[in-house]
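Line by line, the protein sequences give chains A and B. Read in order, the letters of the first sequence correspond to residues 0 to 240 in numbering that gives the first Met the number 0. Read in order, the letters of the second sequence correspond to residues 0 to 240 in numbering that gives the first Met the number 0. By construction, the Cβ of each residue, glycine as well, lies at the ideal position given by its N, Cα and C atoms. Worksheet: one structure, shown below.
There are 2 protein chains.
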Amino acid sequence: MPEHTVASFDQELKEIGRKVVEMGGQAERLVADSVTSLIKRDIALAQKVVLVDATVDQMQREIEDRAILVIAKRQPVANDLREIVSAIRIANDLERIGDLAKNVGKRVIAIEGEYHPQKLVRGVEHISDLVLEQLKEVLDAYAARNEAKAVEVWGRDGAIDTMYTSLFRELLTYMMEDPRNISVCTHLLFCAKNIERIGDHATNIAEIVYYMVSGQNLPDRPKADASSETTLAFPGRSVQG
Amino acid sequence: MPEHTVASFDQELKEIGRKVVEMGGQAERLVADSVTSLIKRDIALAQKVVLVDATVDQMQREIEDRAILVIAKRQPVANDLREIVSAIRIANDLERIGDLAKNVGKRVIAIEGEYHPQKLVRGVEHISDLVLEQLKEVLDAYAARNEAKAVEVWGRDGAIDTMYTSLFRELLTYMMEDPRNISVCTHLLFCAKNIERIGDHATNIAEIVYYMVSGQNLPDRPKADASSETTLAFPGRSVQG
């Protein structure tokens with residue numbers, strides 16, 4: 000390629016990368032705001048989350064369009080192709096993260112005014128802290144092209160899954176103790192599941208960053224989420240793991 | 000392009016399309032099997048669903064890799080580019096559909112042997128019938144490049160959402176009536192939500208098919224799913240919509 004073409008291709012790659020970082024920041028804010036709205040019962044903030052998710056969707060479309068255009072125009076190979084394909088994939092995960100945060104926001108609005116002891120949300124708060132940390136770290140790993148950091152994030156996925164499985168049981172217990180908790184706890188179960196899935200997407204992004212930087216795939220993910228397989232039988236019946 | 004190049008490009012497009020159709024058939028079977036395993040409490044079938052999902056994931060990767068390669072090699076524009084980008088997007092939705100079916104399978108395994116009156120799954124069966132029909136139709140619309148059929152599928156999304164919202168309330172009622180139902184109903188709520196989301200992905204695919212064939216976007220989707228906003232307050236409290 001002539002030198003000016005190389006330079007402007009480089010510019011295009013950088014621009015796509017910049018957009019992914021920007022989108023990551025926006026998605027991260029959405030998740031943080033959705034969790035804050037849940038813990039503080041801040042309905043106005045929850046409504047904002049529901050609205051702002053549309054901008055994350057828009058960003059995903061822009062990144063995808065631009066990336067496809069660059070692939071067609073520049074026919075990139077090796078590192079450059081990995082960089083662009085990774086941008087498409089990360090934007091896809093970030094869009095899903097935005098959707099999940101939006102769903103948390105909707106549920107916060109739903110349970111407004113319901114019987115709602117603060118202890119019920121404490122477990123959700125803990126898992127959210129961990130997930131937000133993972134999301135922040137993996138976005139840093141992407142921005143810095145740091146594969147070691149991506150592997151660190153990837154290795155911590157199991158902790159979130161374990162926490163979610165125990166939270167799942169805890170919320171079922173609250174429902175059994177007091178039927179007034181059933182409606183709120185059901186929404187909290189979905190909120191917790193959404194947040195756990197945000198953690199899964201952070202792990203996906205870690206895998207993509209690793210692939211982008213190294214050209215290699217990480218091995219199969221160690222899964223510790225047993226909640227789909229978890230039941231809390233009625234007292235007197237055996238508990239299945 | 001020289002004639003033989005055009006012919007082989009055509010061949011590549013057709014091959015990608017064929018793979019998407021094949022993947023659609025596989026995803027459809029997974030969904031049908033997961034629902035059957037739930038209704039018949041067929042653990043062996045549920046286990047098969049959990050295993051077979053990996054082949055759907057593999058198909059998605061193949062379609063994406065091949066599509067990116069064709070974009071880089073052929074620099075397609077207009078119709079051809081839309082065709083390839085649509086294949087990537089549909090494969091993405093189908094992969095998510097496979098994941099959701101797999102999660103239903105996991106939950107079927109979880110609730111084996113639990114107190115589990117058959118009436119509890121009846122509502123899930125109804126919504127599944129509707130979703131499977133939507134999925135089948137939209138895959139037909141894709142295979143036939145039939146935009147009118149895509150619009151029909153798209154327009155029926157609201158019916159699934161309405162049914163899901165009512166099922167959500169029904170399952171909460173069963174939990175409140177008898178705490179022995181709480182554990183199973185919680186898993187059924189997640190199954191129902193998964194199936195409703197499969198319906199959402201079918202609607203996404205309808206939008207993609209419409210865009211692929213016409214080059215236009217459908218307007219914003221009419222949403223009728225109010226379950227995130229639905230609570231069923233404890234008897235004696237007001238019901239919030």
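Supposed close pair residue i, residue j - CB separation, criterion 8 Å
i, j, result
"Met175 of chain A", "Pro178 of chain B", "5 Å"
"Ile197 of chain A", "Leu99 of chain A", "5 Å"
"Val48 of chain B", "Ser33 of chain B", "5 Å"
"Trp153 of chain A", "Glu206 of chain A", "6 Å"
"Gln57 of chain B", "Ala71 of chain A", "Between Ala71 of chain A and Gln57 of chain B the Cβ distance is about 26 Å, and since that is not below 8 Å, they are no contact."
"Gly23 of chain A", "Leu93 of chain A", "6 Å"
"Glu27 of chain B", "Lys135 of chain B", "6 Å"
"Asn193 of chain B", "Asn102 of chain B", "5 Å"
"Ile89 of chain A", "Val19 of chain A", "5 Å"
"Ala201 of chain A", "Val137 of chain A", "5 Å"
"Leu131 of chain B", "Val55 of chain B", "The Cβ separation is near 16 Å, so there is no contact."
"Val123 of chain A", "Leu166 of chain A", "7 Å"
"Lys171 of chain B", "Ile181 of chain A", "The displayed chain sequence assigns Leu, not Lys, to residue 171 of chain B. Confirmed, Cβ separation roughly 6 Å."
"Asn91 of chain A", "Asn91 of chain B", "7 Å"
Delimiting residues of the alpha helix (DSSP H) encompassing residue i
i, result
"Asn203 of chain A", "181 to 213"
"Gln46 of chain A", "42 to 73"
"Glu82 of chain A", "77 to 109"
"His115 of chain A", "No alpha helix (DSSP H) contains His115 of chain A, which DSSP labels as neither H nor E."
"Lys148 of chain B", "146 to 154"
Contacts of residue i in chain B (Cβ-Cβ under 8 Å)
i, result
"Asn91 of chain A", "Asn91"
"Gln74 of chain A", "Ala71, Lys72, Gln74"
"Ile67 of chain A", "Ile70, Leu80, Val84"
"Thr4 of chain A", "Correct list: empty, because the minimum Cβ distance to chain B is about 15 Å."
Beta-carbon neighbours of residue i, restricted to chain A and to distances below 8 Å
i, result
"Thr202 of chain B", "What Thr202 of chain B touches in chain A: nothing, since even the nearest Cβ is about 14 Å away."
Contact set between residue i and chain A, taken where Cβ atoms lie within less than 7 Å
i, result
"Ser227 of chain B", "Asn102, Lys105, Arg106, Ala109"
"Thr161 of chain B", "Going along chain A, no residue has its Cβ under 7 Å from Thr161 of chain B, so there is no contact; the nearest lies around 16 Å."
Contact set between residue i and chain B, taken where Cβ atoms lie within less than 9 Å
i, result
"Thr164 of chain A", "Per Cβ cutoff of 9 Å: no residues; Thr164 of chain A is ~11 Å from chain B at best."
Contacts that residue i makes with chain B (C-beta to C-beta distance below 7 Å)
i, result
"Thr35 of chain A", "Under the 7 Å cutoff, chain B gives no residues; its nearest Cβ is about 18 Å from Thr35 of chain A."
Fill in: Proximal residues, the stretch 188 to 200 of chain A versus chain B, C-beta separation under 9 Å
Per Cβ criterion, the list reads Leu188, Phe189, Lys192.
Worksheet item: Is there contact between the stretch 177 to 188 of chain B and the stretch 109 to 117 of chain B, where contact requires at least three CB pairs shorter than 8 Å?
Response: Yes, they touch.
Discussion item. With three or more beta-carbon pairs closer than 8 Å as the criterion, would you say the stretch 2 to 13 of chain A touches the stretch 73 to 88 of chain A?
Written reply: The stretch 2 to 13 of chain A is in contact with the stretch 73 to 88 of chain A.
Worksheet item: Just by C-beta distance, which residues in the stretch 48 to 63 of chain B are closer than 9 Å to chain A?
Response: Within the stretch 48 to 63 of chain B, the qualifying residues are Glu63.
Discussion item. Between the stretch 43 to 61 of chain B and the stretch 113 to 120 of chain B, can you find at least three pairs of beta-carbon atoms closer than 8 Å?
Written reply: Output reads no: the stretch 43 to 61 of chain B does not touch the stretch 113 to 120 of chain B.
Worksheet item: Mind listing which residues of the stretch 167 to 181 of chain B have their C-beta closer than 7 Å to chain A's C-betas, in chain order?
Response: If the cut-off is 7 Å between Cβ atoms, the stretch 167 to 181 of chain B has Leu171, Met174, Met175, Pro178, Arg179, Ile181 near chain A.
Practice prompt. Closer than 7 Å, Cβ to Cβ, to anything on chain B: give me those residues from the stretch 102 to 129 of chain A, in chain order.
Written response: The residues in question are Asn102, Lys105, Arg106, Ile108, Ala109, Ile110, Glu113, Tyr114.
Worksheet item: Would you say the stretch 142 to 161 of chain B touches the stretch 54 to 69 of chain B, given that touching needs at least three Cβ pairs under 8 Å?
Response: Output reads no: the stretch 54 to 69 of chain B does not touch the stretch 142 to 161 of chain B.
Item to complete: Give a yes or no on contact between the stretch 206 to 215 of chain A and the stretch 140 to 151 of chain A, applying the rule of three or more CB pairs nearer than 8 Å.
Response: The stretch 206 to 215 of chain A is in contact with the stretch 140 to 151 of chain A.
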